[in-house]
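Residue numbers (the working numbering): 25 to 729. Beta carbons are placed, not taken as given, at the ideal position from N, Cα and C, and that holds for glycine. Just so you know, these numbers come straight off a predicted model, no measurement behind them. Below: one structure, written as structure tokens.
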Amino acid sequence: MANQKKKTKKSQLPFRLNILFFIVFILFSVLIIQLGVVQILNGQEFQDEIDRTIEDTTKIPVPRGKIYDRDHNVIVDNKPMYSITYTPAKGVQAQDRLDVAEELAKYITMLEEDEDAREKQLKAITDRDRREYWYLKHEEEARDRLSQEEAAEMETSDQYQAILDRITDEEISGFSEKQLEVIMIKKELDKAPYLTPHIVKNENVTIEEYARVAEHMNTLPGVNATTDWDREYPYDYTLKSFVGTITSQEEGILADKKDYYMTRGYSSNDRVGRSGLEDQYEEILRGRKEQLLYTTNKDGKVVDSKVVVEGKRGKDLVLTIDMAFQKKVDQIVKEELEAAVRKQPYENRTLDDALAVVLHPKTGELLAVSGQRYDREKGEAVDVGIRTVIDQHLPGSSIKGATVLAGLDSGVITPGQVFVDKPIRIQGDPKPRSSWKDLGPVNDIGALKMSSNVYMFNIAMRMLGDYNHQYGDKIDVSNWDAFQDIRNYFWQFGLGTKTGIDLPYEATGLVGSSKKSGYLLNQAIGQHDTYTTMQLAQYVATIANDGYRVRPHFLKEVREPISQDGELGPIYETVDTDVLNKVEMDDSYIDRVQEGFRRAFQERPGTGYSYWGNKPYKPAGKTGTAENRKYIEKEERVVDTINLALVGYAPYDDPEVAFALNVPNLGDDNESKINHSIGTRIMDAYFDMKEGKLSEDDSSSESDD
């Protein structure tokens, strides 16, 4: 029996061992399979994790679109210039940037040769800049100046500041110019956002500097020698105040528009339009940036880059301006202004500006816009064209067309109604009100032809409710809304409201604050509210265009960019005529004003006949003289002056050109006819240009006086 039990135990032992071995075999098999899965199926994934990389996209600026005149002459171009840029990789530290700065300083010069500019650059290096440089050059020594006990009680930023404070003034003095240049370069490197090219130097980069940097880029991580662009103006200052400017790379996006641009894919150091058409059409001119995909490894080193979006320069603008005509208008306004200033006694020289706008009345296309200001230090006039849309002046009688239309449409006068032009007096006035002379019986057309103030006073008094005014009476006021009523009529012509011109800003004129009845009489003859020259141009164009007010504009069309120099691409967009409103009144009333304007220029004794009566292009228009007062700040005194205005168009039966002029603060020279001198010369030049007779070299200052 005992032997049988021993045999049973011996037989069970191998069986259990076999089960154990089998389990071990299964476990090893599972392990091997798992290792195989890891190695074969997931091996690349884990290897990628070991060698993990990060892909980032950066955007490279492209040249802006060009700007042309209507004849496709380049007004604004792009001038290529050498540029040194820095694109930091991820994880770059201050010491790394200092190393790059020291190496780069071997190949480029940051300090200007001009002594004043050089001094300004050196002053821009702050005390902190010097301390930070010394700290990086003596980091271990600097850290030893802060004990462990002190450091333990401070935040990291406070520790750093405490160390900088313990660097002595002697230690940061005596730096060589080369060391100062290193500091200047590092300051630029510090501005560079991660994987975004930042310009270190793009002004006065010589071809030698460009070549040296390009040759040593393997020792300059992140640095590149590339080409940047700057704006170039073949016509110098002609139209410059309207074309505008762009920001510098150092300025980047303007602070007040940062949020706007950043949400539209801009970088903080992108150059953008600062003013004028560069600002107005920024989205068109900016182009499409080239996009580069950078691949970096776990150490932040760039291991690959490729273009994922091709760059495309901005679209081109074609303007309505004819630059040959623009230059001629500038020349005329400049010559006439300088001649008028020199005629004034030196102690009474109040004249500063002469402003002119020329446009097509049916389309709103601006043909020439000129502003000249006499610079007394230089002894000559300089360009201030933008003042045609931002400066407002009393227009005088030039707006009487709007007054007559207000009277006709409101029903206070009827077509052909006659008033006797003789002085009137309102109780409380210091003196009678009159026209430039007693004109006798005049109707609405004659009142425009001979510029009757008294006719306009009668319209104003009737709008106030006084239909039977007698000399010396008070005005019987029953309609205090008359101020707003007459302004509502004026607004329909663009007087006192925005013209809609395609610029970032335009003034709308100044509304007189007083509502005294006498001031409405002043308003009726252009002696109360003020307007810009552009508003006057839109007003007279609306009359010429049978009551249709069109938006004045510089942009004619947008063109796609192409690579060939000197060629324009296909049309992307064309600017159509934009009718803002139709004057709400009987067309026959506008016909009467047009006839009054024609007679003012074409028939005796029209106020403009002696200057315009013999012109073959059949002009029509209205003169304007306003009494004004000017404060001379330097002398702390107020002087009486006059403003001269002039509006017109031609030919009167089929207008193709309209103009407005303003010559404010003409002293007390009531004999000056500078407005007619400028106006006739401009219109002569326009029709000479049309017939191919205009010469850019014609510098004659003779007028038709």
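With 16 other Cβ atoms within 10 Å as the buried cut-off, status of residue i
i           : result
residue 559 : buried
residue 52  : exposed
residue 147 : exposed
residue 710 : buried
residue 347 : buried
residue 261 : exposed
residue 469 : buried
residue 484 : buried
residue 303 : buried
residue 279 : exposed
residue 176 : exposed
residue 205 : buried
residue 504 : exposed
Rounded straight-line distance, which links the Cα of residue j to that of residue i
i           : j           : result
residue 160 : residue 122 : 8 Å
residue 613 : residue 676 : 16 Å
residue 180 : residue 164 : 16 Å
residue 144 : residue 138 : 10 Å
residue 74  : residue 58  : For residue 74, the predicted model reports a pLDDT of 46, less than 50, meaning its position is unreliable and no value from the coordinates is stated.
residue 715 : residue 349 : 13 Å
residue 595 : residue 105 : 29 Å
residue 87  : residue 669 : 42 Å
residue 233 : residue 249 : 9 Å
residue 44  : residue 115 : 55 Å
residue 628 : residue 467 : 16 Å
residue 565 : residue 378 : 20 Å
residue 674 : residue 381 : 14 Å
residue 477 : residue 490 : 17 Å
residue 553 : residue 642 : 31 Å
residue 706 : residue 285 : 41 Å
residue 185 : residue 281 : 33 Å
residue 754 : residue 411 : Outside the displayed range of the chain (25 to 729) lies residue 754, so it cannot be described from this structure.
residue 335 : residue 585 : 12 Å
residue 761 : residue 276 : This structure leaves residue 761 out entirely; the chain is present only between 25 and 729.
residue 154 : residue 690 : 57 Å
residue 582 : residue 597 : 5 Å
residue 214 : residue 300 : 32 Å
Element boundaries [alpha helix (DSSP H), containing residue i]
i           : result
residue 566 : 557 to 568
residue 530 : No alpha helix (DSSP H) contains residue 530, which DSSP labels as neither H nor E.
residue 512 : 506 to 516
residue 669 : Counting along the chain, residue 669 falls outside any alpha helix (DSSP H), though it belongs to the beta strand (DSSP E) covering 661 to 674.
residue 4   : Coverage of the chain is limited to positions 25 through 729, which leaves residue 4 absent and any answer about it impossible.
residue 367 : 347 to 367
residue 411 : 411 to 414
residue 177 : Premise fails: residue 177 is in no alpha helix (DSSP H) and is neither H nor E.
residue 429 : 424 to 434
Which listed residue (the options) has its alpha carbon closest to that of residue i
i           : options               : result
residue 222 : 354, 345 and 85       : 85
residue 571 : 557, 543, 513 and 457 : 513
residue 313 : 664, 89, 347 and 281  : 89
residue 497 : 477, 476, 448 and 102 : 448
residue 407 : 362, 697, 573 and 193 : 362
residue 486 : 650, 542, 533 and 520 : 542
residue 683 : 156, 417 and 391      : 391
residue 446 : 479, 467, 420 and 556 : 479
residue 427 : 249, 617 and 335      : 617
residue 576 : 582, 599, 555 and 584 : 599
residue 305 : 378, 615, 579 and 422 : 579
residue 471 : 651, 412 and 623      : 623
residue 635 : 702, 610, 653 and 690 : 702
residue 604 : 142, 638 and 524      : 524
residue 343 : 96, 664 and 665       : 96
residue 229 : 135, 271, 293 and 296 : 135
residue 241 : 383, 111, 458 and 182 : 111
residue 421 : 235, 309, 521 and 632 : 632
residue 311 : 319, 300, 299 and 295 : 295
Extent of the continuous beta strand (DSSP E) run through residue i
i           : result
residue 377 : 377 to 383
residue 225 : 222 to 225
residue 342 : 340 to 343
residue 681 : 681 to 687
Residues sharing a beta bridge with residue i, DSSP
i           : result
residue 464 : 445
residue 270 : 297
residue 105 : 252
residue 595 : 583
residue 606 : 572
Any non-hydrogen atom of the ligand FMN closer than 7 Å to residue i Cβ
i           : result
residue 296 : Absence of the ligand FMN is noted for the structure shown, with no ligands found whatsoever.
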